[in-house]
Each structure stands twice: as structure tokens, then as C-alpha cells.
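S.K.: Read top to bottom, the protein sequences are chains A and B. Position 12 of the first sequence, counting from 1, maps to 12 under the numbering used here, and the rest follow consecutively. So the number in the numbering used here is just where the residue sits in the second sequence, counting from 1, plus 1000. Note that the Cβ used here is the ideal one computed from N, Cα and C, for glycine as well.
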Amino acid sequence: NAGVMQNPRHLVRRRGQEARLRCSPMKGHSHVYWYRQLPEEGLKFMVYLQKENIIDESGMPKERFSAEFPKEGPSILRIQQVVRGDSAAYFCASSPNRDSSYEQYFGPGTRLTVT
Amino acid sequence: KNQVEQSPQSLIILEGKNCTLQCNYTVSPFSNLRWYKQDTGRGPVSLTIMTFSENTKSNGRYTATLDADTKQSSLHITASQLSDSASYICVVIPNFGNEKLTFGTGTRLTIIP
């Protein structure tokens, strides 16, 4: 049973370009969470999705950031018109259930560098 | 102010020695508290999960304790190994669901031979 997969592992974008980060949850998991980790900081919650639905996006910046989790395929975190401050590690996690007793399993992360 | 504070920020110990990492939290009420290990360049991996009613939980050389009255948790590592070098993150999960995890900033542990 493969774990949570994220790609690409490393992404370099110039200011103003778009970044697309992909996350494939563990088999059987329909709940996906995205986190951002800035250098020397802890992980911060961004958005929680179930298949085809955004449940909680309270951690997402209001502009330029969007996320989706379609019926088929991976979850996508999209950052438009990237700026230097978007440089960070973006982690995806998945769980079989929203209940807090269920553990979240993390992917290896995508390291975004904006030049 | 972060709702989950960890100390020390960094720690260096000799291989084979024991160490204890601290976590103080203000999140309340909470459902459970987890300790994660994050190797450099990797995602966090769960070490222990404790509900608010548990006092201690072990996983091999890792032992976590929880004092819900003082809102403190600790992670004790015995007989440290070089592979223990990583960041250790305390995470508090409130009652209302998995999406509201609150992460500490972690303790960076370095084991030297």
C-alpha cells in the first residue's frame, strides 16, 4: 500500500508564474489536508478537502491560492503569480476519516522555490 | 503567541545518551496529542498518539507523557542513535476534527557519534 505521494518533489518558478502541486492520498483515504512550512517555522494548516468538496479553507491566503480534489485524480494546490514569499515546503496529508482519532499520514512534500 | 510551544529549540547529545523534549500547549479542549518525527527533507511521521485521558505511551525507544492538568507533554528518547537526528514536532488536535491540527515549531535534535 503506497503512502501519500506528492509531485514534484522540487519546483522552481520565477516570480509571476504559476505553481501546481499534486497530492495522491493513500489508498482508501478520501480526506486530504494541505500544509505549508516556511523555513524555520512549524507546519501551518491551509485547506481540508474531501472528494469534490472544499471543507475548510480557513488557512488559505485569500488571493492567488486555490485547491481542488476531483472525483478522479490527485488533489491539486495551485498558486498563481507566485512571489518570493511563497517559497516554502508544501505538505499534503490524508486520512480515512475526519474524526480526530484517525491519524493523518504525510507525504514527502514539495519544495517550492521562487526566484 | 503559538498555542503549542516546544523546548529546547535545538539539542545536541552524544550517541547512546537519553534526552527529553518538552511541549507546552494552550489548546483546550483537545482530543489527542501526537508527537511526530520529521527527517530533513521529508514529511512528518507519527511516533505516538495519546488521548487526553492517557498519561503515557511508548513506541520502542520513544516514550511520551501527558499531563492534561498542567498542559504539558514530553517525549523521552532512550539510548539515542544517529538515526534519531531529526526535528520532533508536538501536535495538538482539538475536539472538532482532524483539520485543525496545531503544530509546534519543533525541537531540532542532533545526535553526534
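Does the distance from the C-beta atom of ALA67 (chain A) to that of LEU49 (chain A) stay below 8 Å?
M.R.: yes
S.K.: Counting only Cβ-Cβ distances shorter than 9 Å, please list the residues of the stretch 1039-1050 of chain B near chain A, keeping chain order.
M.R.: GLY1041, ARG1042, GLY1043, PRO1044, VAL1045, SER1046 and ILE1049
S.K.: Please look up how many angstroms separate the CB atoms of ARG1108 (chain B) and GLN1009 (chain B), rounded, as I've assumed it's under 8 Å.
M.R.: About 7 Å separates the two Cβ atoms, so the contact holds.
S.K.: Can you name, in chain order, every residue of its own chain whose Cβ lies under 7 Å from the Cβ of VAL83 (chain A), other than the five neighbours on each side?
M.R.: ARG15 and VAL114
S.K.: Residues of chain B with a CB under 9 Å from the CB of PHE106 (chain A): which are they?
M.R.: TYR1036, GLN1038, ARG1042, GLY1043, PRO1044, VAL1045 and SER1046
S.K.: Report yes if the CB atom of SER94 (chain A) is closer than 8 Å to the CB atom of TYR102 (chain A), and no otherwise.
M.R.: TYR102 (chain A) is positioned such that its CB atom lies no closer than 8 Å to that of SER94 (chain A).
S.K.: Could you tell me whether the Cβ atoms of ASN1018 (chain B) and THR1110 (chain B) are closer together than 8 Å?
M.R.: no
S.K.: How far does the beta strand (DSSP E) with THR1076 (chain B) in it reach, from first residue to last?
M.R.: Checking the sequence, you will find His at residue 1076 (chain B) rather than Thr. Counting along the chain, the unbroken beta strand (DSSP E) around HIS1076 (chain B) starts and ends at 1072-1077.
S.K.: Please decide whether LEU43 (chain A) counts as near chain B, where near means a Cβ-Cβ distance under 8 Å.
M.R.: yes
S.K.: Touching or not, the stretch 29-40 of chain A and the stretch 48-62 of chain A, by the rule of three or more beta carbon pairs under 8 Å?
M.R.: These segments touch.
S.K.: Can you pull the chain B neighbours of GLU103 (chain A), defined as C-beta to C-beta under 8 Å?
M.R.: In chain order: ARG1034, SER1046 and ILE1049.
S.K.: My output table needs one value for SER1080 (chain B): the three-state DSSP class, helix, strand or coil.
M.R.: coil
S.K.: What are the partner residues of PRO1094 (chain B), as DSSP defines its beta bridges?
M.R.: Beta-bridge pairing links PRO1094 (chain B) to B:PHE1030.
S.K.: Is it the case that the stretch 1067-1081 of chain B contacts the stretch 62-79 of chain A, given that we only count it when at least three CB pairs across the two stretches are under 8 Å?
M.R.: Touching, no.
S.K.: Answer with yes or no whether the minimum CB distance from PHE119 (chain A) to chain B is below 8 Å.
M.R.: Nothing about residue 119 (chain A) can be read from this structure; chain A reaches only from 1 to 115.
S.K.: In chain order, what residues of the same chain have a beta carbon less than 7 Å from the beta carbon of LEU1082 (chain B), not counting five sequence neighbours either side?
M.R.: GLU1015, ILE1111 and PRO1113
S.K.: ALA1064 (chain B): which of B:GLN1006, B:ARG1034 and B:ILE1013 sits nearest, CA to CA?
M.R.: For the residues B:GLN1006, B:ARG1034 and B:ILE1013, the minimum Cα distance to ALA1064 (chain B) belongs to B:ARG1034.
S.K.: If the criterion is Cβ atoms closer than 8 Å, does the pair LEU1047 (chain B) and ASN1055 (chain B) meet it?
M.R.: no
S.K.: Can a CB atom of chain B be found closer than 8 Å to the CB of GLY109 (chain A)?
M.R.: yes
S.K.: Could you check the C-alpha separation between CYS23 (chain A) and LEU11 (chain A) for me, to the nearest Å?
M.R.: 14 Å
S.K.: Report the residue from A:PRO61, A:GLY73 and A:GLU72 whose alpha carbon sits nearest the alpha carbon of GLN81 (chain A).
M.R.: A:PRO61
S.K.: Helix or strand or just coil, what does DSSP make of ARG1061 (chain B)?
M.R.: coil
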